[in-house]
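Numbering (our numbering), first residue to last: 0 to 485.
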Ligand SMILES: [Zn+2]
């Protein structure tokens, strides 16, 4: 395998490291169309596990899945002014089909507010029909100039929730409920801590009254917007005439929300946990949680070792673990170790002739917190009994590790602009500062430092004394989290 084994280190070139993991861990492949991405089976299984967890949470909170077409008439997109202004530059438009020019161009959905509400408006007559709680798992297209696998691709997979409510209070509660579900998923399943909060007007979704986001810190100290939830007010209801009869018998516009997470989460997973050896997957999202590598020197050993490996596999499957035996012939155990470490499998189980005799298995962890043993011989019965709990512990340990890294790379107590610029240049990470609330000041700091306001600090984050002044020297009216971001 030679040099193919070596990855560029994170220290050398984080961006090159990321790309190598994506392709060498077989998560994705290049497509025939620039900016598009092929998701390979190993990467797609991670997405399926993410979908499974999120979909259950959506259903538990009363949402139903549906499917709407990928095309919409240009005139529908044009109906909400801010929305079309935000998305028009990146839409793909079909002008010719069936061998002829189309009478009206069709836009390939960049998001589906303008696909769903003209139709779903007919499903709502009175307050009794509300709320409408829809979700769809689908693809969308945004013609991006600079693309990176999983992080920014022209076509990507996501889920988009679209809901309609009787009033602002109910819609805002939904917006925050879904933000909370995203946060729970990112922390409990991805082991990726996030700051959540409101976006500034400049960073808002096109057509939203308020946008809320989950922001995670990647290992290169840049922020990743990992999910967003929008309160849309009556903007889309007015554009698409989505009205209902109130309890009092009057006509009113519904209040809408929309919210989404995408395959970008896989990029977040890679950059939250991966190391110079490759991917590190939290057990809950690992397509293979334990890989059994049988070790033999001759045919007789091979038969005995493989038989035991199959028994261990069957026992672990029964214990609910996603496990597989790597029985590939003509490949030495060392090469298999590299392969599965690069793919981030949480636990490797080595079984050789001596282990067979001793009735034990050598367990090797992909991630080990400082001070713990990476390798340990365990009796076979003991292994089956304790591996599920051990995987859960690893899940927790990965979260704690990521949380500690974020704490070490979050700066508070910034006194002035010079100090802020120093921190951004020397260290990066999240920086809490004051803000005067002026968009001109926001734009200037963005231009000069390449940082953006990731979220406005809400009650959940205000754990320290907020700064008295903004970076511009004016009085601060709110605290914000700034960072360079993907
Ligand atoms: Zn300012």
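Note that the Cβ used here is the ideal one computed from N, Cα and C, for glycine as well.
> How many whole angstroms separate the CB atoms of residue 449 and residue 404, which I take to be in contact at a CB cut-off of 8 Å?
Replying inline: At roughly 22 Å, the Cβ-Cβ gap does not stay under 8 Å, so residue 449 and residue 404 are not in contact.
> Would you call residue 5 buried or exposed, if buried means 16 or more other Cβ atoms sit within 10 Å of its Cβ?
Replying inline: Residue burial annotation: residue 5 is exposed, with fewer than 16 other C-beta atoms found within 10 angstroms of its C-beta.
> Do you know offhand how far residue 373's Cα is from residue 439's?
Replying inline: Residue 439 has its alpha-carbon roughly 52 Å from the corresponding atom of residue 373.
> In terms of residues, what are the limits of the alpha helix (DSSP H) holding residue 440?
Replying inline: Where residue 440 is concerned, the enclosing alpha helix (DSSP H) stretches over 438 to 448.
> Can you tell me the Cα-Cα spacing of residue 1 and residue 334, whole angstroms?
Replying inline: Interpretation of residue 1 is limited by its pLDDT of 42, a score under 50 that renders its predicted location unreliable; no figure is taken from the coordinates.
> How is residue 387 classed by DSSP in three states: helix, strand or coil?
Replying inline: The three-state secondary structure of residue 387, taken from DSSP, is helix.
>> Closest to residue 95 by C-alpha separation, out of 473, 105, 209 and 197, would be which residue?
In response: Nearest C-alpha to residue 95: 105.
> Under a Cβ-count criterion, where at least 16 other Cβ atoms within 10 Å of its own Cβ denotes burial, should residue 253 be classed as buried or exposed?
Replying inline: Buried is the call here.
>> Helix, strand or coil, according to DSSP, for residue 372 in the structure here?
In response: Here DSSP, grouped into helix, strand and coil, assigns residue 372 to coil.
> For residue 64, which beta-bridge partners are listed by DSSP?
Replying inline: For residue 64, the pairing in a beta bridge is given by DSSP as 134.
>> At the level of alpha carbons, what is the spacing between residue 486 and residue 269?
In response: The requested residue 486 does not occur in the structure, where the chain is confined to residues 0 to 485.
>> If you reduce the DSSP assignment to three classes, tell me which class residue 311 lands in.
In response: Per DSSP, reduced to three states, the secondary structure at residue 311 is helical.
> Based on Cα-Cα distance, which residue from 180, 108 and 452 lies nearest to residue 50?
Replying inline: Measuring from the Cα of residue 50, the nearest candidate turns out to be 180.
>> With DSSP as the reference, identify every bridge partner of residue 228, one or two as the case may be.
In response: Residue 228 is bridged to 211 and 258.
> Short check: CB of residue 149 to CB of residue 34, under 8 Å?
Replying inline: Annotated as distal: residue 149 and residue 34, with beta-carbon spacing of 8 Å or more.
> Do residue 415 and ligand 1 come close, with the Cβ less than 7 Å from some heavy atom?
Replying inline: Annotation for residue 415 indicates a beta carbon at 7 Å or more from all heavy atoms of ligand 1.
> Count the other CB atoms within 10 Å of the CB of residue 234; is the residue buried (16 or more) or exposed (fewer)?
Replying inline: So residue 234 ends up on the buried side.
> For chain C, is any of its Cβ atoms less than 8 Å away from the one on residue 214?
Replying inline: Judged by its chain identifiers, the structure shown contains no chain C, having just a single protein chain.
>> Can you determine whether any heavy atom of ligand 1 sits closer than 7 Å to the C-beta of residue 440, and answer yes or no?
In response: Within the cutoff, so yes.
> For the candidate residues 397, 305, 284 and 370, whose alpha-carbon lies nearest to that of residue 507?
Replying inline: Here the chain covers residues 0 to 485 and nothing more, so residue 507 does not appear.
> Could you give the distance in angstroms between the alpha-carbon of residue 457 and the alpha-carbon of residue 477?
Replying inline: Answer to the nearest angstrom: the Cα atoms are 9 Å apart.
> Taking the DSSP output, what are the residues bridged to residue 320?
Replying inline: DSSP, once it has assigned bridges, lists no residue as partnering residue 320.
> Would you say the beta carbon of residue 469 comes nearer than 7 Å to a heavy atom of ligand 1?
Replying inline: Taking non-hydrogen atoms of ligand 1 into account, the C-beta of residue 469 is found less than 7 Å away from one of them.
> Are the CB atoms of residue 366 and residue 397 nearer to each other than 8 Å?
Replying inline: Their beta carbons are under 8 Å apart, which means residue 366 touches residue 397 by this criterion.
> Is the distance from the Cβ of residue 28 to the Cβ of residue 39 below 8 Å?
Replying inline: The criterion of a C-beta distance shorter than 8 Å is satisfied by residue 28 and residue 39.
> What did DSSP end up calling residue 124 once you bin it into helix, strand or coil?
Replying inline: In this structure, residue 124 counts as coil in the three-state DSSP scheme.
> Among 472, 325, 102 and 251, which residue has its Cα nearest to the Cα of residue 124?
Replying inline: Ranking the options by Cα distance to residue 124, first place goes to 251.
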